[in-house]
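Visitor: Mind the numbering: the sequence shown is residues 2 to 247 in the working numbering, read in order.
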Amino acid sequence: MLVLIDKKGRKHLVDEKIEEYHSNYGVLDLTNVKPGDVLETHLGHRFYCVKADLLDYYERLPRAGSIILKKDLGAIIANCGIGSGSRVVDAGTGTGATAIFLANIVGKEGKIYTYELREDHIKIARNNFESAGVDEVVESKLGDVREGIEEREVDAVIFDLPDPWLAVDKAYNALRTGGYIAAYNPYIEQIRKAYIAMGEAGFKELRAIELLERGFEIKEVGTRHRTRNIGHTAYLAFGRKYNQNI
2 MLVLIDKKGR
12 KHLVDEKIEE
22 YHSNYGVLDL
32 TNVKPGDVLE
42 THLGHRFYCV
52 KADLLDYYER
62 LPRAGSIILK
72 KDLGAIIANC
82 GIGSGSRVVD
92 AGTGTGATAI
102 FLANIVGKEG
112 KIYTYELRED
122 HIKIARNNFE
132 SAGVDEVVES
142 KLGDVREGIE
152 EREVDAVIFD
162 LPDPWLAVDK
172 AYNALRTGGY
182 IAAYNPYIEQ
192 IRKAYIAMGE
202 AGFKELRAIE
212 LLERGFEIKE
222 VGTRHRTRNI
232 GHTAYLAFGR
242 KYNQNI
């Protein structure tokens, strides 16, 4: 896949196999195009071409709902110890943004098992996995984690569900000793119930956090906070599975 960047900095994700790309700026000839090329439409508008990477897929992939933002994904990965070779359950596939990010982290030695209730979301997600080149790392399943998680001895379970507290015990059974659980929810009442359920299920090292990101406008005449910043997105709760005898 390629990214075509227009004069306003907007990104257009396109298949490198197509011969033409149509936009409001005109038609681009993509025959023999390669990363680094500067292209010009028949109307004289220029586009810069780069090879698509993980962030490009994340920002431009087709969606059917909201996704976990990068700042929160980073916190989940860091607080759950996810790395090369990790096996992770992603509960709440949506259209696959989280699973794509995680697949890039765990690599070909790892595995992402992603569960989704809606068949239409699964279809979109599977196309996104293939486009991002992670379809061999991600195993997508149509199923309800509140009814059970098939995998065992996984390294982490991540919930992006409206009611994660109903599946906390299923996560405990799926995790290896020392594995992590994470819940992502927009309302504090949801994360409170998830946090309490984690403690009742036997999880330790419980934490609940919120991350706020502030951007800056840097100019020759001065520096200030951006007028429009990313405010509240969600709350996060984490826990770790210990041996029940402790």
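Glycine included, C-beta positions come from ideal geometry on N, C-alpha and C.
Using only CA atoms, which one of Ser87, Ala126, Glu152, Val39 lies nearest to Ser141?
Guide: Taking the sequence shown and counting its residues from 1, one reaches residue 141 at position 140. The residue with the shortest Cα to Cα distance from Ser141 is Ala126.
Visitor: Would you check if the distance between the CB atom of Ser132 and the CB atom of Val107 is smaller than 7 Å?
Guide: Taking the sequence shown and counting its residues from 1, the one referred to as residue 132 is at position 131. Taking the sequence shown and counting its residues from 1, the one referred to as residue 107 is at position 106. The criterion of a C-beta distance shorter than 7 Å is not satisfied by Ser132 and Val107.
Visitor: Tell me whether Leu44 is buried or exposed, calling it buried when 16 or more other Cβ atoms sit within 10 Å of its Cβ.
Guide: Here residue 44 refers to the residue found at position 43 when the sequence shown is read from its first residue. Exposed, since its Cβ has fewer than 16 Cβ neighbours within 10 Å.
Visitor: Excluding sequence positions up to five away, which residues of its chain have a Cβ less than 8 Å from the Cβ of Asp136?
Guide: Position 135 of the sequence shown, counted from the first residue, corresponds to residue 136. Non-local C-beta neighbours of Asp136 in its own chain, meaning closer than 8 Å and more than five positions away in sequence, comprise Arg127, Phe130, ordered along the chain.
Visitor: Is Lys8 close to chain B, meaning its C-beta is less than 7 Å from at least one C-beta of that chain?
Guide: The structure shown contains no chain B, having only a single protein chain.
Visitor: Do you know offhand how far Leu103's Cα is from Ile78's?
Guide: What you label residue 103 is simply residue 102 of the sequence shown in a count that begins at 1. What you label residue 78 is simply residue 77 of the sequence shown in a count that begins at 1. Looking at the two C-alpha atoms, the distance is approximately 8 Å.
Visitor: Note down, in chain order, each residue of its chain lying with its Cβ closer than 8 Å to the Cβ of Glu110, except the 5 sequence neighbours on either side.
Guide: As a first step, residue 110 is located in the sequence shown; it is residue number 109 there, counting from the start. Setting aside the 5 residues that flank it on each side, Glu110 is surrounded in the same chain by Ser85, Gly86, each with a C-beta closer than 8 Å to its C-beta; the list follows chain order.
Visitor: Of all the options Glu151, Gln191, Leu31, which has the alpha carbon lying nearest to the alpha carbon of Ala235?
Guide: Start at 1 with the first residue of the sequence shown, and residue 235 comes out as number 234. Of Glu151, Gln191, Leu31, the residue nearest in Cα terms is Gln191.
Visitor: Measure the Cβ-Cβ separation of Tyr185 and Gly144 and say whether it is below 7 Å.
Guide: Looking up residue 185 in the sequence shown gives position 184. Looking up residue 144 in the sequence shown gives position 143. No; because the gap between Cβ atoms is not below 7 Å, this pair is not in contact.
Visitor: Report the three-state DSSP secondary structure of Ile85 (helix, strand or coil).
Guide: Mapped onto the sequence shown, residue 85 falls at position 84. Here the sequence assigns Ser to residue 85, which means Ile is not the residue at that position. Assigned with DSSP and collapsed to three states, Ser85 falls in coil, not helix or strand.
Visitor: Determine the closest residue to Val90 out of Leu31, Val15, Leu56, Val158, with distance taken between C-alpha atoms.
Guide: Walking along the sequence shown from the start, residue 90 turns up at place 89. When only C-alpha atoms are compared, the closest one is Val158.
Visitor: Are there 16 or more other CB atoms within 10 angstroms of the CB of Lys220, so buried, or fewer, so exposed?
Guide: Residue numbering aside, residue 220 sits at position 219 when the sequence shown is read from its first letter. Lys220 should be labelled exposed.
Visitor: Could you tell me which residues DSSP pairs with Ser141 in its beta bridges?
Guide: Locating residue 141 in the sequence shown gives position 140, counting from the first residue. Looking at the DSSP assignment, Ser141 forms a beta bridge with Thr115.
Visitor: Since I believe Tyr181 is in contact with Ala202 (beta carbons under 8 Å), could you give me their beta-carbon distance rounded to a whole number of angstroms?
Guide: As a working mapping, residue 202 is identified with position 201 in the sequence shown. As a working mapping, residue 181 is identified with position 180 in the sequence shown. Ala202 to Tyr181, Cβ: 13 Å. No contact.
Visitor: Residues in the same chain with beta-carbon distance under 8 Å from Thr178, minus the five sequence neighbours each way, listed in chain order, please.
Guide: The count along the sequence shown starts at 1 and reaches residue 178 at position 177. Hits under 8 Å: Lys242, Tyr243, Asn244.
Visitor: Can you tell me where the alpha helix (DSSP H) holding Thr178 begins and where it ends?
Guide: Stepping through the sequence shown from its first residue, residue 178 is reached at position 177. Note, Thr178: premise wrong, no alpha helix (DSSP H); beta strand (DSSP E) at 176 to 186.
Visitor: Buried or exposed, going by whether 16 or more other CB atoms sit within 10 Å of the CB of Ile83?
Guide: Position 82 of the sequence shown, counted from the start, is the residue given in the question as residue 83. The Cβ neighbour count for Ile83, taken over all protein chains shown within 10 Å, is at least 16; the residue is labelled buried.
Visitor: Note down, in chain order, each residue of its chain lying with its Cβ closer than 8 Å to the Cβ of Val34, except the 5 sequence neighbours on either side.
Guide: Residue 34 sits at position 33 when you count from the first residue of the sequence shown. Result list for Val34: Leu3, Glu17, Leu40, Cys50, in chain order.
Visitor: Quick one: is Ile150 buried, meaning 16 or more other Cβ sit within 10 Å of its Cβ, or exposed?
Guide: As a working mapping, residue 150 is identified with position 149 in the sequence shown. Ile150 comes out buried.
Visitor: Just grab the DSSP bridge partners of Lys242 for me.
Guide: Translated into the one-based positions of the sequence shown, residue 242 becomes position 241. Per DSSP, Phe204.
Visitor: Am I right that Glu211 and His233 are in contact with their C-beta atoms under 8 Å? What's the rounded C-beta distance?
Guide: Reading the sequence shown from its first residue, position 210 is the one you call residue 211. Reading the sequence shown from its first residue, position 232 is the one you call residue 233. Contact flag correct, Cβ pair sits at about 7 Å.
Visitor: Residue range of the alpha helix (DSSP H) that Tyr59 falls in?
Guide: Sequence index remark: in the sequence shown, residue 59 carries index 58 (1-based). Run containing Tyr59: 55 to 61, per the alpha helix (DSSP H) assignment.
Visitor: Excluding the 5 residues flanking Cys81 on each side, which residues of the same chain have their C-beta closer than 6 Å to its C-beta?
Guide: If you number the sequence shown from 1, residue 81 lands on position 80. Ala157, Tyr181, Ala183, listed in sequence order.
Visitor: In this structure, what does DSSP give as the bridge partners for Tyr22?
Guide: For the purposes of this step, residue 22 is identified with residue 21 of the sequence shown, where counting begins at 1. According to the DSSP secondary-structure assignment, Tyr22 is paired through a beta bridge with Leu29.
Visitor: So for Ile106, helix, strand or coil by DSSP?
Guide: As a position in the sequence shown, residue 106 is number 105, starting the count at 1. Three-state DSSP puts Ile106 in a helix.
Visitor: Terminal residues of the continuous alpha helix (DSSP H) containing Arg147?
Guide: For the purposes of this step, residue 147 is taken as the residue at position 146 of the sequence shown. Run containing Arg147: none; DSSP gives neither H nor E here.
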